[in-house]
Amino acid sequence: MKITNVAMFVSDSGCNTNLGHLLPVGVLAAMRLKSAKFPVMLTNKPFPYLFEKIINPFMTIEVVDHTEFDTREAFEAEIIRRLEKYDIGLVVLAGFHRILSPYFLNHFKDKVINIHPGLLPSFPGINATQQALDYGVKITGCTAHFVDEGVDTGPIILQATVPVKENDSVHSLLRKIFREEIRIIFKVIELFCEGRLCVSGRKVTIKSN
Amino acid sequence: MSKKNVAVFVSGSGTNLQAIIDANIEAANLSVVLSNKPDAYALDRALKHEIPVEVVDHKEFNSREAFEAEILERLKKYNIELVVLAGFMRILTSFFVSHYKERIINLHPALLPSFPGVQSAKQALDYGVKFTGVTVHFVDDGVDTGPIILQSVVPIDDTDTEDTLLKKIHDEEHRIFPRVVKLFCEDRLTISGRIVSTK
């Protein structure tokens, strides 16, 4: 079976919301996949010590700090350079808070997937969970989509719904969304690496095994 | 328990009106069904259940305000406490909405704020979402922007067409719309800013 090398991009390990354990759990779960390997995790912010300790035995951590670059292109050129040696076939943005330019997206054409903590097209951009609470929706969720040049606008691969309860805080809601995100990250990586995703215009369909 | 007088506004076949009738909501008195179309089948359903009907044809009025003023005039005698928009295809202005502030509810065939306006099921299919649904909300001055009371999810399958999706959405509408009418008439909804909670 063909094995795809997957690079995980993150900005926020989740530690500021006490959810830091969930992301590595999701990655470790995905590492069981036969069709995927996870040689590298890339971040634009250095990881907290504990998080680094958890991840390091399993994959290399590459830190590319965007504040050290004058332009987006220079930042992205450095990311591309750092990834060269890993022969990456899929980039998964799991809480990566930098917008990627067409320059980067063309380099990994149709191979960049983002996980968004909202039920797109509702609540794109940052603070999706806060946006959902402020709007007063009763249902939110998360979305895995291919990345195009817009912000959270690309073709949708999978979604999951999460009910909003009257006593939910941002934290309790994020917790429920994170749990679903972990589940769909795993599923999407599996489907992509097994070559089962067909994109036609904005529609993504899943081929059966 | 005192019953609340409810007006149901319709433009078409009135399947949601039928769902509300069939729910036999004890706290609701279905006082009148109002249509902007003289030939709406919903009127037949109302008459069959001996609910008074009013027809206010928007084409007979030069302005939205004149149309809405006539509706208000016709509703006067019913002492209406809740206006239910059940497939009513006219946008109501702030003139009308302010008369029934926080007493007008609308049903939208999508998970707002996604896909407001018309042809929501088609919008959802074209966008390629995997879930859509139904939203019941209080009406404010915007189009489908008011505080959300209840939402319900409808999954979209790869094989769904607009027709099959609409069927699923309508089934869900008929399930949740009467529930919201009931909650309102039992005084169990509270609005605080944009947040609607249920007692």
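Chains as they are written, first to last, in our numbering: chain A, 1 to 209; chain B, 1001 to 1199. All residues carry an ideal CB built from backbone N, CA and C; glycine is no exception. It should be emphasised that the depicted structure is a prediction, and the values quoted were computed from it without experimental measurement.
State the beta-bridge partners of residue i as determined by DSSP.
i              : result
residue 1155/B : 1131/B
residue 1174/B : Beta-bridge pairing links residue 1174/B to no other residue.
residue 1115/B : Answer is none; residue 1115/B lacks a bridge partner.
residue 1098/B : Answer is none; residue 1098/B lacks a bridge partner.
residue 1054/B : 1034/B
residue 1197/B : 1190/B
residue 1137/B : 1106/B and 1148/B
residue 90/A   : 6/A
residue 39/A   : None, per the DSSP bridge assignment.
residue 197/A  : 206/A
For a cutoff of 7 Å on Cβ pairs, would you count residue i as touching chain B?
i             : result
residue 161/A : yes
residue 190/A : no
residue 2/A   : no
residue 195/A : no
residue 155/A : yes
residue 121/A : yes
residue 187/A : no
residue 89/A  : no
residue 147/A : no
residue 136/A : yes
residue 166/A : yes
residue 139/A : yes
residue 129/A : no
residue 205/A : yes
Determine whether the beta carbon atoms of residue i and residue j lie at a separation below 7 Å.
i              : j              : result
residue 189/A  : residue 30/A   : yes
residue 1109/B : residue 1134/B : yes
residue 119/A  : residue 141/A  : yes
residue 1116/B : residue 1140/B : no
residue 1074/B : residue 1054/B : yes
residue 1121/B : residue 1162/B : yes
residue 1102/B : residue 1138/B : yes
residue 66/A   : residue 98/A   : yes
Out of the options, state which residue places its alpha-carbon closest to the alpha-carbon of residue i.
i              : options                           : result
residue 149/A  : 114/A, 186/A, 133/A and 82/A      : 114/A
residue 206/A  : 1128/B, 1098/B, 1032/B and 1027/B : 1128/B
residue 93/A   : 191/A, 58/A and 10/A              : 10/A
residue 1047/B : 1034/B, 1058/B and 1059/B         : 1034/B
residue 1093/B : 1137/B, 1199/B, 1067/B and 1031/B : 1067/B
residue 1022/B : 1192/B, 1174/B and 1038/B         : 1174/B
residue 1086/B : 1193/B, 1168/B and 1041/B         : 1041/B
residue 1051/B : 1017/B, 1057/B, 1182/B and 1071/B : 1017/B
residue 1045/B : 1029/B, 1020/B and 1058/B         : 1020/B
residue 199/A  : 52/A, 57/A, 58/A and 109/A        : 109/A
residue 1071/B : 1122/B, 1030/B, 1010/B and 1124/B : 1010/B
residue 1166/B : 1079/B, 1119/B and 1104/B         : 1119/B
residue 117/A  : 96/A, 58/A and 197/A              : 96/A
residue 1107/B : 1147/B, 1030/B, 1081/B and 1191/B : 1147/B
residue 1095/B : 1078/B, 1123/B and 1063/B         : 1063/B
residue 6/A    : 195/A, 147/A, 197/A and 91/A      : 91/A
residue 1039/B : 1003/B, 1083/B and 1012/B         : 1012/B
residue 180/A  : 162/A, 193/A and 195/A            : 162/A
residue 191/A  : 59/A, 127/A, 209/A and 136/A      : 209/A
residue 137/A  : 58/A, 145/A and 122/A             : 122/A
Less than 7 Å between CB atoms is the rule here; does residue i satisfy it with respect to chain A?
i              : result
residue 1195/B : yes
residue 1063/B : no
residue 1130/B : yes
residue 1147/B : yes
residue 1151/B : yes
residue 1011/B : no
residue 1114/B : yes
residue 1158/B : yes
Distance, Cα to Cα, residue i vs residue j?
i              : j              : result
residue 4/A    : residue 1126/B : 30 Å
residue 1188/B : residue 1196/B : 10 Å
residue 21/A   : residue 183/A  : Only weak support is given to the placement of residue 21/A: the predicted model assigns it a pLDDT of 48, under 50, and the value that follows is read from those uncertain coordinates. Approximately 14 Å between the Cα atoms of the pair.
residue 131/A  : residue 1152/B : 19 Å
residue 84/A   : residue 124/A  : 31 Å
residue 36/A   : residue 171/A  : 31 Å
residue 40/A   : residue 1132/B : 35 Å
residue 34/A   : residue 2/A    : 9 Å
residue 104/A  : residue 111/A  : 11 Å
residue 1136/B : residue 1008/B : 14 Å
residue 134/A  : residue 1194/B : 7 Å
residue 1089/B : residue 1058/B : 11 Å
residue 1037/B : residue 1123/B : 26 Å
residue 1169/B : residue 48/A   : 46 Å
residue 1185/B : residue 1191/B : 14 Å
residue 1024/B : residue 1182/B : 9 Å
residue 78/A   : residue 152/A  : 23 Å
residue 1199/B : residue 166/A  : 10 Å
Name the chain E residues whose beta carbon is nearer than 8 Å to that of residue i?
i              : result
residue 1126/B : The structure shown contains no chain E; its protein chains are A and B.
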